[in-house]
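As structure tokens, the structure follows; a few thoughts come after it.
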Amino acid sequence: MQRGFRAPQATELYRLQNAQTVADLESVELDSYEIAVNGAGLNWDYSVSLYRMNKDNGIITNSSRENLNGSNTQHQGLEASYGHSLTDTLSIRGVANFAKHTYENSIISGGVDIKGNDIDTSPNLFGNLRLIWQPLASTTLELEWANMGEYYTNPENTAEYEGHDLLNLRGQYRFSEDVTVSLNVLNLTNELYAERADWTTFTGDRYFPGQEARAFLAVQWDFL
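Per the numbering used here, the very first residue in the sequence shown carries number 838; after that it's consecutive.
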């Protein structure tokens, strides 16, 4: 159990838009509760964490780009990870986050009472799954599937981003005790996706595009 406070950030106080001249904001207060369990066997391991957080006097930016105080929100969910060695050379690991983030009090945003709405840009599900192959002690190859679930892009819950799935490939080869070469290929299938998406009354849907397929080659030389 924890209790915390956060003072308004300078950008929330002074970077005002849409003719808003004053942002009379107070500190955010939060109470959080968490319980976790973990375990392991001969060829597997897991961890599970349950949490719930209540945030009072939160700061939001509505669809008119105004900074507002006084929102009460609730955040609850489950975080889980699991790893399993399938064979001597092949293993699988995954992480999943299931969450529900909601506005808990009546606030008018864009002419709509958002009480009970999902918090914008907060997906209910995201995670990744990795398949790891190590045929030799010097060689590792990993294929990762990364998932971002859909989420609403405005407090009124009238617009949403559908989420995305990405594949990443990583490889590493150790030539000697001193030299290691690694190759990472990200967004392997060159998917079009957004790192972040939102919606405003001025622009409508806004997408901050993620990067296209790209590769990185690195050589590490330990000479000491």
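All residues carry an ideal CB built from backbone N, CA and C; glycine is no exception.
For the set 1032, 896, 1057 and 921, the Cα lying nearest the Cα of residue 985 is the one of 1032. Beyond the five residues adjoining it in sequence on each side, residue 891 comes within less than 6 Å, by CB distance, of 868 and 911 in the same chain, given in chain order. Counting C-beta pairs closer than 8 Å gives three or more between the region 985-994 and the region 954-965, which meets the contact rule. For the pair residue 877 and residue 887, the CB atoms are not nearer than the 9 Å cut-off. For the set 978, 1049 and 908, the Cα lying nearest the Cα of residue 1029 is the one of 1049. Just measuring C-alpha positions, the residue of 1001, 885 and 1008 sitting nearest residue 933 is 885. Residue pairing by DSSP places residue 963 opposite 934 and 985 in a beta bridge.
In the structure shown, residue 880 falls within a coil segment according to DSSP collapsed to helix, strand and coil.
Each residue's CA atom was taken as its position, placing residue 924 and residue 1025 some 26 Å apart. Bridge partners of residue 997 according to DSSP: 989. The continuous beta strand (DSSP E) containing residue 1021 extends over residues 1016-1023.
When rounded, the separation of the alpha-carbon atoms in residue 880 and residue 983 is 24 Å.
Taking the CA atoms as reference points, residue 919 sits about 15 Å from residue 963. In the DSSP assignment, residue 947 falls outside any beta strand (DSSP E), carrying neither H nor E. If you ignore the 5 residues before and after residue 938, its C-beta comes within less than 7 Å of the C-beta of 910, 912, 955, 956 and 959, all in its own chain and listed in chain order. Taking a cut-off of 8 Å on C-beta distances, the region 966-982 does not touch the region 936-952, as fewer than three cross pairs fall below it.
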